[in-house]
Amino acid sequence: MNAPVEKTVSPLAAPVASVWGVGEERAKLLARLNILTVEDLLLHKPRRYEDRRKFLSIRDLKPDEPATVRGKIIAAGIKRFKKGTRAMFECVFDDGTANLHCRWWQAQPWMPDWYAVGREFLIFGKLDNAKKPRTFTHPETELVEPGDDEFVHVNRIVPVHPLTEGLTARVMRTLVWRALEKFENEVAEPEWSQLQVEGSKLKVEKTVATARKEPSTFNLQLATLLPARSNAIRMIHFPEELTDVEIARQRLALDEFVALQFQIQSRRKKFEALSKALPCSGDNRLMKPFLAQLGFKLTAAQANVLKEIRADMGGKHPMRRLLQGDVGSGKTAVAACSALMAIESGFNVALMAPTEILAEQHFRNFSKWFEPLGIKIELQTGSRKTFQPTTTSVARGKLSTFNRQPSTLFIGTHALFTAGFDLPMLGLVIIDEQHKFGVAQRETLVRKGNYPHLLVMTATPIPRTLGLTLYGDLDVSVIDEMPGGRGAIKTFVRATVKLPKVFDFIREKISGGRQAYIVYPRVDVVDTDKDIKAVTKEFANVEKALTGFKVGLLHGRIKPAEKEKVMAAFRANEIKALVATSLIEVGVDVPNATVMLIENAEHFGLAQLHQLRGRIGRGAHESFCILISDAQNADALARLKILEETNDGFKIAEADLKLRGPGELLGREQSGVIDLRFGNLAEDLNLIRQARELVKKIL
Ligand code: ADP
Ligand code: MG
Numbered sequence: 000m001n002a003p004v005e006k007t008v009s010p011l012a013a014p015v016a017s018v019w020g021v022g023e024e025r026a027k028l029l030a031r032l033n034i035l036t037v038e039d040l041l042l043h044k045p046r047r048y049e050d051r052r053k054f055l056s057i058r059d060l061k062p063d064e065p066a067t068v069r070g071k072i073i074a075a076g077i078k079r080f081k082k083g084t085r086a087m088f089e090c091v092f093d094d095g096t097a098n099l100h101c102r103w104w105q106a107q108p109w110m111p112d113w114y115a116v117g118r119e120f121l122i123f124g125k126l127d128n129a130k131k132p133r134t135f136t137h138p139e140t141e142l143v144e145p146g147d148d149e150f151v152h153v154n155r156i157v158p159v160h161p162l163t164e165g166l167t168a169r170v171m172r173t174l175v176w177r178a179l180e181k182f183e184n185e186v187a188e189p190e191w192s193q194l195q196v197e198g199s200k201l202k203v204e205k206t207v208a209t210a211r212k213e214p215s216t217f218n219l220q221l222a223t224l225l226p227a228r229s230n231a232i233r234m235i236h237f238p239e240e241l242t243d244v245e246i247a248r249q250r251l252a253l254d255e256f257v258a259l260q261f262q263i264q265s266r267r268k269k270f271e272a273l274s275k276a277l278p279c280s281g282d283n284r285l286m287k288p289f290l291a292q293l294g295f296k297l298t299a300a301q302a303n304v305l306k307e308i309r310a311d312m313g314g315k316h317p318m319r320r321l322l323q324g325d326v327g328s329g330k331t332a333v334a335a336c337s338a339l340m341a342i343e344s345g346f347n348v349a350l351m352a353p354t355e356i357l358a359e360q361h362f363r364n365f366s367k368w369f370e371p372l373g374i375k376i377e378l379q380t381g382s383r384k385t386f387q388p389t390t391t392s393v394a395r396g397k398l399s400t401f402n403r404q405p406s407t408l409f410i411g412t413h414a415l416f417t418a419g420f421d422l423p424m425l426g427l428v429i430i431d432e433q434h435k436f437g438v439a440q441r442e443t444l445v446r447k448g449n450y451p452h453l454l455v456m457t458a459t460p461i462p463r464t465l466g467l468t469l470y471g472d473l474d475v476s477v478i479d480e481m482p483g484g485r486g487a488i489k490t491f492v493r494a495t496v497k498l499p500k501v502f503d504f505i506r507e508k509i510s511g512g513r514q515a516y517i518v519y520p521r522v523d524v525v526d527t528d529k530d531i532k533a534v535t536k537e538f539a540n541v542e543k544a545l546t547g548f549k550v551g552l553l554h555g556r557i558k559p560a561e562k563e564k565v566m567a568a569f570r571a572n573e574i575k576a577l578v579a580t581s582l583i584e585v586g587v588d589v590p591n592a593t594v595m596l597i598e599n600a601e602h603f604g605l606a607q608l609h610q611l612r613g614r615i616g617r618g619a620h621e622s623f624c625i626l627i628s629d630a631q632n633a634d635a636l637a638r639l640k641i642l643e644e645t646n647d648g649f650k651i652a653e654a655d656l657k658l659r660g661p662g663e664l665l666g667r668e669q670s671g672v673i674d675l676r677f678g679n680l681a682e683d684l685n686l687i688r689q690a691r692e693l694v695k696k697i698l
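With numbering that gives the first Met the number 0, letter number 165 in the sequence shown gets 164, and the count goes up by one each step, no holes.
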């Protein structure tokens, strides 16, 4: 990533072929690793390091401890097995203390020449077991060639970079070294680190040692630890101590985060300069009767968020706010109140949901809430439209501003906007369950409506790191309190053999009047993965297991009208158990459902399981979430256990981020936005915060 405000073309943008030793052939190989320029090569992050200041003796190798040794080949050859054609290559190294056997199961034609008796190698690997002879299988090796670049490869901590076939670790290291020698002084300090910050010039020290000694003149405490960029780049490849690697990484990560924040914050600045806010803070005349008939009192958290929203909607710039609240925290009521503010001010409101089921659910709820107040509700989904986007709705919208009459709430899926019309007099756009929409989609939405206020609501507790980067151009509100009077949710992880007992349990709950969700990962069984259960196949089994009770089926391929029928029957407590895919993950609200059974649970992300679990525990009854998994893998089970232990969505999201990366949490489209070489979205909250503060001050 380039420095944020680079104006002249950097010498580092030169093709990688300007490094001595890179000809046409090697340039091609490097291109496979996306290394096209000198800068790409300099930022090619090592995947591990070897401390070659002193080598372990072969005699002292211990099982399970990877190590590097140095030895000469005393014997080598291909071993063939009597049966079959497999040939193994084996050679024996000697370092004066003991012998080490190294074997490769697939002998390659070049091996006998390369691993010739008498040659000296560095060998990195792990002992197969404690038995004699000492053996490494498939070790990484590096030929020791006495030459003038010997000091690059031994007697120091050396990097081992990601490689591609045809490029050895040694060649890659040599190229990086040469690139550093030639271009290190061309590495520019990005402008942010040279800028005046609060009157004092930020000092970026040349070396870590001096940086540590001299107290920082910079109030964010950055310079105390961070070396200059050029220095950091050398350190990431050739650290003097292993601890330097992390210092260098942080410096380079900070540059990335600053660049990212620069993009985000300047986009926001530009937006603010271009747009003027519509006055939408309302006058309470609809809010009062609405709250009076709601049937519950807003929680303190809901009320606080509404205060922030009201301030935004009466402010100078259009609101850009992200509302985070765990499943069941009551975001819909907040959406309703926000909509009322805009409507009281004479504007129309659009509410977007990611699925038709959810749009229908909102349509029903809001009709019940708003129609008594004289507000018109319209629905637009792929399969159902209560209005035509013609002059009538435009006229009504216009009219309403003149008369200061209550106006319209448009509810829909993205069909609401892709239909290719502009909703009239739009004062506020609310997007429910934001994580199902991409960033790009969000942008187009906002443009359509001539800069209405924007409220995005998500139940995915977004770890702070992601919130600040992905949603950095949004202000964030959090509902951190659950409405009272809810039954607890208990979660259990169980093996498939327990299923009969689980179904007995479900029968018992249904007999007691409750309802259940039963979730499978797939719609259909796929040949390549027969073990993963699918709703279309399991439906019959569930019907049998729950004989006497009506079972419903819901998945992505069922027609919308049929889906809505099934949901209506489930809401009416006619259908007792709903067999579904993760389609029901978002938003669905049936308080009487208290059991959630999820099979093949290891096939879902933690955040997704937490969302699914959020479908229960919405009423006064105690609820039960049963995760079925036969995963043998200890990690997979440990992951599921996290759900047994906590109901805290933020904790779960953070664990998920660490375990599976941002892609799983946000969907590919969104995580693709962020391409970091050094920054780590799971770990670098402090750096991201610092980058954000820095850029704020600079802008
Ligand atoms: P989510 O934040 O997941 O969208 P909902 O808005 O669907 O949650 O709310 C979940 C349930 O909690 C709904 O049945 C809603 O009526 C109820 N609810 C919302 N706010 C409160 C409150 N302050 N007190 C009691 N119940 C509430
Ligand atoms: Mg919701």
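Note that CB positions come from ideal geometry on N, CA and C, so glycine has one too.
Requested in this report: May I ask you to check if the CB of K330 is nearer than 8 Å to at least one heavy atom of ligand 2?
Outcome: yes
Requested in this report: With a threshold of 8 Å, establish whether the CB of A458 neighbours any heavy atom of ligand 2.
Outcome: yes
Query - At least 3 beta-carbon pairs within less than 8 Å: the stretch 647 to 663 vs the stretch 490 to 499 - result: no
**Report entry** Given I461 as reference, the closest of G660, D63, P65, Q107 once Cα atoms are compared
**Finding:** G660
Query - L703 to I430 span [Cα, whole Å] - result: Any answer about residue 703 is impossible in this case: the structure gives the chain only from 0 up to 698.
Query raised in the report: Got a sec? Which residues, its chain only, sit under 7 Å from N685 by beta carbon, not counting five neighbours each side?
Result: none
Query raised in the report: I think D127 touches T136, with their Cβ atoms under 8 Å apart; what is that distance to the nearest whole Å?
Result: 6 Å
Report task. Could you spell out the range, first to last residue, of the alpha helix (DSSP H) harbouring K268? Result -> 241 to 273
Requested in this report: Quickly, what does DSSP pair T495 with across the bridge? List them, please.
Outcome: None, per the DSSP bridge assignment.
Query raised in the report: What's the C-alpha gap between A606 and G314?
Result: 35 Å
Requested in this report: Excluding the 5 residues preceding and the 5 following N33 in the sequence, name in chain order all residues of the same chain whose CB lies nearer than 8 Å to its CB.
Outcome: D39
Query raised in the report: Can you find a heavy atom of ligand 2 that lies under 8 Å from the Cβ of E432?
Result: yes
Report task. Please classify G20: is it buried, with 16 or more other beta-carbons within 10 angstroms of its beta-carbon, or exposed? Result -> exposed
Query raised in the report: Roughly how many angstroms lie between the CA atoms of N154 and D629, to the nearest whole one?
Result: 49 Å
Query raised in the report: Three-state secondary structure (DSSP) at D472?
Result: coil
Query raised in the report: Is the stretch 240 to 255 touching the stretch 271 to 291 in the sense that three or more CB pairs, one from each, lie closer than 8 Å?
Result: no
Requested in this report: Pull up the distance between the alpha-carbon of T527 and that of C336, whole angstroms please.
Outcome: 49 Å
Query - Separation of K181 from P10, as counted between CA atoms - result: 11 Å
**Report entry** Where D325 falls, given that 16 or more other Cβ within 10 Å makes a residue buried
**Finding:** buried
Query raised in the report: Can you tell which of P371, S382, G70, G117 has its C-alpha closest to the C-alpha of I356?
Result: S382
Query - Close-in-space but distant-in-sequence residues of the same chain around R133 (CB under 8 Å, 5 per side omitted) - result: I57, L60, A97, N98, L99, H100, L126
Requested in this report: Using 10 angstroms around the beta-carbon of Q220, count the other beta-carbons present and answer buried if the total reaches 16, otherwise exposed.
Outcome: Annotation note: pLDDT 47 at Q220 (below 50); position unreliable, coordinate value reported separately. The residue in question, Q220, is exposed, as its Cβ has fewer than 16 Cβ neighbours within 10 Å.
Query raised in the report: If you follow the beta strand (DSSP E) that Q514 is part of, which residue opens it and which one closes it?
Result: 514 to 518
Query raised in the report: Got a sec? Which residues, its chain only, sit under 6 Å from M234 by beta carbon, not counting five neighbours each side?
Result: D243, A247
Requested in this report: Look at L693 and Q260 and say whether their C-beta atoms are less than 9 Å apart.
Outcome: yes
Query raised in the report: Nearest-angstrom Cα distance between R25 and E183?
Result: 21 Å
Query - Rounded separation between N679 and L611 - CA only - result: 28 Å
Query raised in the report: Within this structure, are the beta carbons of G411 and G613 separated by less than 9 Å?
Result: no
Query raised in the report: Run through DSSP, which three-state label would K549 get?
Result: coil
**Report entry** Candidates R169, L372, P108, D50, of which the one nearest E293 by Cα
**Finding:** In the sequence as displayed, the identity of residue 293 is Leu instead of Glu. Cα-wise, what sits closest to L293 is L372.
Report task. Can you tell me the Cβ-Cβ gap for L577 and I517, rounded? I've got them flagged as a contact below 8 Å. Result -> 7 Å
Report task. Could you check what DSSP says for T389 in three-state terms: helix, strand or coil? Result -> Since pLDDT at T389 reaches only 47, below the 50 mark, its modelled position is unreliable, and no value is offered.
**Report entry** Residues of its chain near P238, where Cβ-Cβ distance is below 8 Å and the 5 sequence neighbours each way are ignored
**Finding:** Y48, I156, V244, A247
Query - W103 beta carbon less than 9 Å from that of E119 - result: no
Query raised in the report: Distance, Cα to Cα, F548 vs K575?
Result: 6 Å
Query raised in the report: Can you tell me where the alpha helix (DSSP H) with F80 in it begins and where it stops?
Result: No alpha helix (DSSP H) holds F80; DSSP gives it neither H nor E.
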